[in-house]
Amino acid sequence: FRQSKGEGPCGIVLRDLAKGSEDVLVDCRKRPRLVFDWSPDGKHLVYSAAAAADMPAGLVLLALDSRESRRLTGGSPGEGHDTAPRYDPSGRRIAFMRGTDSHREVWTLDPSNEGSARRVGPSEGQIYGLAWLDTGRLLVSADWHNPRALNILDVETGRAELAGAIDAQYPDVSTTGAIAF
């Protein structure tokens, strides 16, 4: 993510460290937010875009070979923003947060199926990041069980159980299953 002079953070840039070259994937006019994710096959990038004159706020899927963009979500007024998209390990599902800072919910969607977005999870609250444990469970930092901690969320049943790690934020899971926060 690159900052533009006087505009703050605004673009997503691909940089080849060996060659020192840069390629702007998403420019400032598209208004991308800070959190984005690669598809597991490396063919797509999903990002959250703030509202712009020609587009409502929502998630956008970028095909890296053709550079074509497709809107995945565009919430209704009052629903808040769709942010922090994360691909599941299979690439068939994307989890994201919808709402405002203190009232967010976890949603999922199938990027190949328009209109597939659905809410999963116990309720709204403060959410401080999420990551896929596997294709059916998310590790979510949230205040659902008071205080904020890591929770394991089954995306099919919507059931969440406290996993611990009080005050943990922005979890990530390695391919070996190790958890960082």
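Start counting the sequence shown at 136; every next residue gets the next number (my numbering). Glycine residues also receive a C-beta, built at the ideal position from the N, C-alpha and C atoms.
Presumed contact (8 Å Cβ cut-off) between residue i and residue j, rounded CB distance
i: TRP267; j: ALA230; result: 7 Å
i: LEU273; j: MET232; result: Not a contact, Cβ separation roughly 11 Å.
i: VAL148; j: LEU160; result: 7 Å
i: TYR305; j: TYR263; result: 6 Å
i: ARG202; j: ALA184; result: About 15 Å separates the two Cβ atoms, so there is no contact after all.
i: ASP217; j: LEU194; result: 5 Å
i: PRO246; j: TRP279; result: 26 Å between Cβ atoms; not a contact.
i: SER276; j: PHE316; result: 7 Å
DSSP three-state assignment for residue i, whether helix, strand or coil
i: ARG294; result: coil
i: ARG239; result: strand
i: ASP307; result: strand
i: SER251; result: coil
i: ASN281; result: coil
i: LEU288; result: strand
i: PRO257; result: strand
i: LEU268; result: coil
i: ILE301; result: coil
i: ALA313; result: coil
Status (buried if at least 16 other CB within 10 Å, exposed otherwise) for residue i
i: LEU180; result: buried
i: ASN248; result: exposed
i: TYR182; result: buried
i: GLU259; result: buried
i: ARG166; result: buried
i: GLY234; result: buried
Best match in the options for proximity to residue i [C-alpha to C-alpha]
i: ALA284; options: GLU296, GLU291, THR292 and VAL290; result: GLU296
i: PRO224; options: ASP162, ASP176 and VAL241; result: ASP176
i: CYS145; options: ARG164, GLU157 and LEU152; result: ARG164
i: GLU214; options: LYS154, ILE287, SER237 and GLY155; result: SER237
i: VAL270; options: ARG166, VAL290 and GLN261; result: The amino acid occupying residue 270 in the given sequence is Thr; Val does not appear at that position. With distances taken between Cα atoms, THR270 lies closest to VAL290.
i: LYS178; options: SER204, ALA298 and SER156; result: SER204
i: ALA219; options: GLY226, ASP302 and VAL241; result: VAL241
i: LEU207; options: ASP200, GLY234, THR243 and THR235; result: THR243
Distance cut-off 7 Å: residue i Cβ against heavy atoms of the ligand PLP
i: PHE316; result: The ligand PLP is not part of this structure, which contains no ligands at all.
Practice prompt. Return the chain-ordered ranges of every alpha helix (DSSP H) run that is complete within the stretch 149-233 and spans a minimum of 4 residues.
Written response: none
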